[in-house]
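A.B. asks: First to last, the sequence lines map onto chains A and B. Once you know that position 76 of the first sequence is 76 in UniProt numbering, the rest is easy, because the numbers rise by one and skip nothing. Once you know that position 92 of the second sequence is 92 in UniProt numbering, the rest is easy, because the numbers rise by one and skip nothing. By construction, the Cβ of each residue, glycine as well, lies at the ideal position given by its N, Cα and C atoms.
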Amino acid sequence: MDRSEKLRQRARELLEKGEVVMVIGSGPPSDSGISPVLFATTPEQAENLTASTSCAQNLANYLLKVRDRGKVAVVARGCDARSITVLLQENQLKRENLYILGIGCEGIVENGRKSVACAVCRHPNPLIYDEMIGEPAAVAEPDPEVSRADAEWEQLSPDERWERLSAELDRCIRCYACRQVCPNCYCPVCFVDASMPQLVGRTHNLSDNMVYHIIRALHMAGRCVECGACHRACPVGIDLMRFNRRVAKTVRERFGGDAGTDLSQPPALTVFKPDDPQEFIR
Amino acid sequence: MPDAENFEPRIVAFLCNWCSYAGADLAGISRLHYPPSIRVIRVPCSGRVDPFFILQALQQGADGVLVSGCHPGDCHYLTGNFVARRRFAVLNDLLEFCGIEPGRVTFAWVSASEGERFAKLVTEVTEKVKKLGPNRRLKKELP
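Put into structure tokens, the structure is as follows:
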């Protein structure tokens with residue numbers, strides 16, 4: 001029995017027995033290779049489930065939207081499960097209301113190209129799950145092209161970095177798709193939407209675009225699981241993963257650990273150590 | 001528009017109420033001289049300083065930002081500056097990553113008894129920002 005068939009069988013069982021009210025997973029991939037998100041509330045709907053790991057969205061995002069409905073099953077790749085861990089750490093979800101069907105992830109492939117987030121993925125397998133469907137995936141070697149590009153960026157002068165980033169962020173149309181697809185962006189009122197007082201200008205303005213993206217990245221510090229959903233959602237192709245990778249690297253090097261990998265530990269920026277490095281403080 | 005030679009930077013200083021603000025006060029009481037470049041904003045704790053405040057100061061035309069609080073272990077609220085330290089570390093790295101000139105934003109610990117240190121710090125920060133010139137990067141220019 002192949003993995004998809006096994007997944008459908010388990011989903012049917014869960015729904016038939018009434019153990020869960022919904023199964024969130026992904027449907028058959030389209031021609032581009034991307035699978036749509038699938039919400040199954042009846043065993044019949046579960047027939048369309050597949051074990052494709054090429055769903056562009058992070059499924060943890062949808063758990064927040066159905067968290068009042070009772071127990072929900074979710075098909076989780078490595079990044080989905082890490083996001084769930086972050087949401088559990090932040091008391092946004094209840095573990096007893098989740099049934100996690102783990103699958104090993106082969107990465108998100110769109111039109112034959114692996115998503116940049118998946119190209120450097122370190123956790124393709126879920127770290128928390130109730131049951132694994134199929135075999136865990138092998139951890140692939142990170143794409144050297146990505147680390148080369150990051151190293152090159154570090155070598156640039158501040159002026160060059162600013163020039164390049166300005167050109168890139170000037171394209172931002174402030175559609176906030178990056179925020180909407182992010183499971184970690186769940187504030188009822190986002191700082192960019194606050195109007196009394198208004199914190200960030202809403203027009204297309206380089207300074208405001210910069211501030212939006214810097215603060216967005218900061219809010220992700222110690223929480224971003226680098227699933228790349230924001231990167232894929234961006235309609236103008238801004239390299240958002242460059243921000244996310246840098247922030248995750250800072251957190252990893254200074255405070256240790258990857259976000260969402262250890263449920264027993266609180267997120268890195270909510271705690272401290274008395275001897276945290278402070279070489280940048282006078 | 002001031003020319004480069006007569007450029008007097010405007011620096012927004014976020015000082016914590018319990019240490020750095022009192023340190024600045026001591027510098028004043030002690031009649032110590034330091035450049036009149038800083039505009040002090042008193043905050044209850046360095047932990048109150050949201051990175052957004054710093055960016056907004058730069059957006060609104062500050063040439064530099066100084067953030068100062070109690071030394072680690074001396075926080076009036078016990079752990080405020082420890083938590084702030086992690087936040088500032090990430091901000092500091094991210095600003096560097098974005099190409100904001102190093103020195104535009106300065107973090108420091110100044111206690112209530114360090115009036116001299118405060119005066120010296122402001123002198124140094126002012127010199128540094130003077131060298132960098134007016135803030136043109138994050139400043140919001142209206143069309």
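(1) Less than 9 Å separating the beta-carbons of A/A229 and A/V181?
(2) For A/C187, count neighbouring Cβ atoms within 10 angstroms of its own Cβ and tell me buried if that reaches 16, exposed if not.
(3) Taking 9 Å as the threshold (C-beta atoms), are A/A56 and A/L127 in contact?
(4) What is the DSSP secondary structure of residue 283 of chain A, reduced to helix, strand or coil?
(5) May I ask you to list, following chain order, the residues of the stretch 87-112 of chain B that have a beta carbon less than 8 Å from some beta carbon of chain A?
(6) Quick one: list the residues of chain A neighbouring B/K120, beta-carbon separation under 7 Å, in chain order.
(7) Would you call the stretch 237-252 of chain A and the stretch 78-98 of chain B in contact, with 3 or more CB pairs under 8 Å?
(8) Taking 9 Å as the CB-CB limit, is A/P274 close to chain B?
(9) Using the Cβ count rule (16 or more neighbours within 10 Å means buried), how would you classify A/G257?
(10) Quick one: is A/N205 near chain B, going by C-beta distance under 9 Å?
(11) With C-beta atoms as the reference, is A/V116 less than 9 Å away from A/V146?
(12) Is there a Cβ from chain B that is less than 9 Å from the Cβ of A/D159?
(13) Find the residues of chain B that neighbour A/L269, judging by a C-beta separation of less than 9 Å, and give them in chain order.
(14) Helix, strand or coil for A/I238, going by three-state DSSP, please let me know.
(15) Based on the DSSP output, what are the partners of A/I24 in its beta bridges?
(16) Along chain B, which residues have their Cβ under 8 Å away from the Cβ of A/A119?
(17) Roughly how many angstroms separate the alpha carbons of A/N48 and B/N81, rounded to a whole number?
(18) Is it right to say A/T53 is buried, meaning 16 or more other beta carbons lie within 10 angstroms of its own, or is it exposed?
(19) Can you give, in chain order, each stretch of the alpha helix (DSSP H) that sits fully within the stretch 22-61 of chain B and has at least 4 residues?
(20) Check whether the Cβ atoms of residue 283 of chain A and A/P124 lie closer than 9 Å to each other.
(21) Whole angstroms are fine: how far does the CA of A/G78 sit from the CA of A/C224?
(22) With 16 other CB atoms within 10 Å as the buried threshold, where does A/R171 fall?
(23) Return the residue from the list B/S68, B/L142 and B/P72 that minimises the CA-CA distance to B/V40.
(24) Consult DSSP for A/I173 and reduce its assignment to one of helix, strand or coil.
(25) Residues of chain A with CB under 7 Å from B/T126, in chain order?
(26) Taking Cβ-Cβ distances shorter than 7 Å, what residues in chain A pair up with B/R137?
(27) Look at the alpha carbon of B/I29 and the alpha carbon of B/R117, and state the distance between them as a whole number of angstroms.
(28) Going by alpha carbons, who is nearest to B/K140 out of B/G133, B/G73, B/T79 and B/A62?
(29) How long is the line joining the alpha carbons of A/T50 and B/Q56, rounded to whole angstroms?
(30) Where does A/L59 sit, in a helix, a strand or coil, going by DSSP?
(31) Please compile the residues from chain A whose C-beta is within a distance smaller than 8 Å of the C-beta of B/P72.
(32) For the 8 Å Cβ check, are there 3 or more pairs between the stretch 124-140 of chain B and the stretch 7-15 of chain B?
(33) Can you tell me the Cα-Cα spacing of A/P267 and A/G222, whole angstroms?
C.D. replies: Taking the coordinates as given:
(1) yes
(2) exposed
(3) no
(4) Any question about residue 283 of chain A goes unanswered here, given that chain A covers just 1 to 282.
(5) R87, F88, A89, V90, L91, N92, D93, L94, L95, E96, F97, C98, G99, I100, E101, P102, T106, F107, A108 and W109
(6) The contacting residues do not exist; B/K120 stays about 10 Å from chain A at best.
(7) Contact between the stretch 237-252 of chain A and the stretch 78-98 of chain B is established, with three or more Cβ pairs separated by less than 8 Å.
(8) yes
(9) exposed
(10) yes
(11) yes
(12) yes
(13) In chain order, V83, R86, R87 and V90 make up the part of chain B whose C-beta sits under 9 Å from the C-beta of A/L269.
(14) Looking at A/I238 - three-state DSSP - the assignment turns out to be coil, as it is neither helix nor strand.
(15) A/F39 and A/V74
(16) Residues of chain B passing the Cβ test: none, with the nearest at roughly 20 Å.
(17) 52 Å
(18) Buried, by the Cβ-count rule.
(19) Correct list: 51-59.
(20) What is shown of chain A runs 1 to 282, which leaves residue 283 of chain A out entirely.
(21) 13 Å
(22) A residue is called buried when at least 16 other Cβ atoms come within 10 angstroms of its Cβ; A/R171 does not meet this threshold and is exposed.
(23) B/S68
(24) coil
(25) Annotation: B/T126 has no Cβ neighbours in chain A at a cutoff of 7 Å; minimum Cβ distance is about 14 Å.
(26) W162
(27) 14 Å
(28) B/A62
(29) 47 Å
(30) Reduced to three states, the DSSP call for A/L59 is coil.
(31) The answer, in chain order, is P274 and Q278.
(32) yes
(33) 6 Å
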